[in-house]
Amino acid sequence: WLVTPVFILLGLVDLAAGVVLFRRGGTFGAQVAGVALVVWGFHRLDYPVLRYVGWFAPWGFALSVGLTIVVAVGIVIHHYDAVGREAREAAARYRTLFDEALQGLFLTTAEGQIAAANRALCALLGVASPVALVGRELRELVGEAGVAPLAALEGAPGAGIGPVEVPWTVVSGPERREWLSAHRVRL
1158 WLVTPVFILL GLVDLAAGVV LFRRGGTFGA QVAGVALVVW GFHRLDYPVL
1208 RYVGWFAPWG FALSVGLTIV VAVGIVIHHY DAVGREAREA AARYRTLFDE
1258 ALQGLFLTTA EGQIAAANRA LCALLGVASP VALVGRELRE LVGEAGVAPL
1308 AALEGAPGAG IGPVEVPWTV VSGPERREWL SAHRVRL
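If you count the sequence shown from 1, you need to add 1157 to reach the numbering used here.
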């Protein structure tokens, strides 16, 4: 009976942690772990009474081991769900910054094809949508004078150019001269 206060305290802590995790965790994993902690809390509260019931002791220990595993798996699932949500939110923030920038921005593949462009670049080039630029070679959008500065971007990550004035081929209208700054990074 000396362990009774310890198991009462552990049971109450598990109950409280389970309720908080279930209500505020915000993920399926948190709900699984929260329910398991509540069940485990009630099970810890029955330990001082049922520990000495011979036929129940092995089942009680097995239940504790099973609940330990469920709580652990629930916490791992919660962690991955939370990290995934944070990554999606960060990507959305980046995408908003990219799309709403006042400067013409674009990303290219290692082969020099445009992978993404923002609306400001579309306005600069007279293109209706960023989709119209995706897959096009960057070299076909700059005039002959613009090809030489682009060669500097073919080096290792960290290579950069600019600002340098290059002629851009505009879809609707005459060629325009605009400033180009570029920096090669590895994504």
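Beta carbons: idealized from backbone N, C-alpha and C, even for Gly.
Query raised in the report: Is it buried or exposed for VAL1228, if we count other Cβ within 10 angstroms and need 16 for buried?
Result: Classification of VAL1228: buried, given that the 10 Å Cβ count is 16 or more.
Cβ neighbour criterion (16 or more within 10 Å) applied to ARG1201: Label assigned to ARG1201: buried.
Report buried or exposed for LEU1169, applying the criterion of at least 16 other Cβ atoms within 10 angstroms of its Cβ. Burial call: exposed.
Enumerate in chain order the residues of its own chain whose CB-to-CB distance from PHE1255 is below 8 Å, with the five nearest sequence positions on each side excluded.
-> Its chain contains LEU1262, ALA1273 and ASN1275 as the residues whose beta carbon lies nearer than 8 Å to that of PHE1255, once the 5 sequence neighbours on both sides are disregarded; these appear in chain order.
Q | Sequence-distant residues of the same chain with beta carbon closer than 6 Å to PHE1179, five excluded per side | A | Hits under 6 Å: GLN1188 and GLY1191.
*asked:* I'd like the ranges of any alpha helix (DSSP H) spanning at least 4 consecutive residues and lying wholly in the stretch 1237 to 1266.
replied: Counting whole runs of 4 or more residues, the stretch 1237 to 1266 contains no alpha helix (DSSP H) stretch at all.
inquiry  = Taking the straight line between their C-alpha atoms, what separation do you get for LEU1172 and SER1221?
reply    = Near 14 Å, if we compare the C-alpha coordinates of SER1221 and LEU1172.
HIS1236 to ILE1226, Cα distance in whole Å?
If you take the alpha carbons of HIS1236 and ILE1226, they lie about 15 Å apart.
- [ ] Look at the alpha carbon of ARG1334 and the alpha carbon of ALA1244, and state the distance between them as a whole number of angstroms.
- [x] Each residue's alpha carbon lies about 38 Å from the other.
| query | For the ligand GDP, any of its heavy atoms closer than 7 Å to the Cβ of VAL1304? | reply | Ligands in the displayed structure: none, and consequently the ligand GDP is not present.
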